[in-house]
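Only one structure is covered here, and it is reproduced in the block below.
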Amino acid sequence: MQVNPVLKPQVATPALIVTSVVTLSLAVVFAAMALAFPATGWVLVAVVAAGLILSFVWYRRIHDNRVWKTASHAQWQVLESLKTTAVTTTEVTVLSVDSPQPTGAWITIRWNRFDYIQPAWIEALSEPIWPGSVLLIRPDPEQVRPGTPWPPTYSIAADHVLTWAPQL
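Under our numbering, the first residue of the sequence shown is numbered 87, with each subsequent residue one higher.
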């Protein structure tokens, strides 16, 4: 199963925060009890072991979040550099992937500059398309012209997609 690279990994969830607070509280309580009653020291060891596991979970989540931020920053740098070097470009955000097909997909896009939402057909790309992706495309002058109405459905050719980046 592929993981959506557009979604930012969560660091803290309510369940993880509550579990961490309860484990820390139990460690303090059982540490005090172990000083008074040495026979309960095994419980302190169990709580410390749970704390080590939680520490690893926190470390892994923070690490995954940093890796995602670094990768998305690099993708945005590529997008910005292509935006300045290409002739005419625009950004569209993929709001939903409605019907994937072998040759492409029906998607819903928002033209970021105009805040206009419309259905679109996108030809199959080398990478899967995910909701939340910001695509840098070369708009087709046959479909979008100043002074004419927007087409009911926009068609995006695969070679018109220059790059993508996750929505920040």
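Built from N, CA and C at the ideal position, the CB exists for glycine as well. None of the values given here were measured: they were computed from a predicted structure.
Whole angstroms are fine: how far does the CA of residue j sit from the CA of residue i?
i    : j    : result
I208 : R146 : 36 Å
E181 : I203 : Per the sequence shown, the amino acid found at residue 181 is Leu instead of Glu. Approximately 9 Å, taken between the alpha carbons.
A118 : V183 : 56 Å
V164 : A251 : 9 Å
S219 : I139 : 34 Å
W192 : L222 : 18 Å
T179 : A113 : 47 Å
Buried or exposed: where does residue i fall if 16 or more other Cβ atoms within 10 Å of its Cβ makes it buried?
i    : result
W128 : exposed
S185 : exposed
W236 : exposed
S111 : exposed
F116 : buried
I242 : buried
Could you give the residue range of the beta strand (DSSP E) that holds residue i?
i    : result
S241 : 240-242
S219 : 219-223
S182 : 176-187
G190 : 190-197
Q204 : 202-209
W250 : 247-252
I'd like to know whether the C-beta of residue i is nearer than 7 Å to at least one C-beta of chain B.
i    : result
V183 : Of the protein chains in the structure, only one exists, and it is not chain B.
Start and end of the alpha helix (DSSP H) containing residue i?
i    : result
S111 : 100-122
Sorted by chain position, which residues of the same chain lie with C-beta nearer than 6 Å to residue i's C-beta, five sequence neighbours on each side aside?
i    : result
E166 : none
P205 : T194, T239
A136 : T109
T249 : V164, L165, L168, L222
V334 : Absent from the structure is residue 334, since the part of the chain shown begins at 87 and ends at 254.
For residue i, collect the residues of the same chain with a Cβ closer than 8 Å to its Cβ; drop the 5 residues on either side in sequence, then sort them by chain order.
i    : result
V173 : R224
inquiry  = I'd like to know if the stretch 232-243 and the stretch 94-112 are in contact, where contact means that at least 3 CB-CB pairs between them fall below 8 Å.
reply    = no
message = Taking 8 Å as the cut-off, does the stretch 88-104 touch the stretch 138-154 (at least 3 CB pairs, one atom from each stretch)?
response = yes
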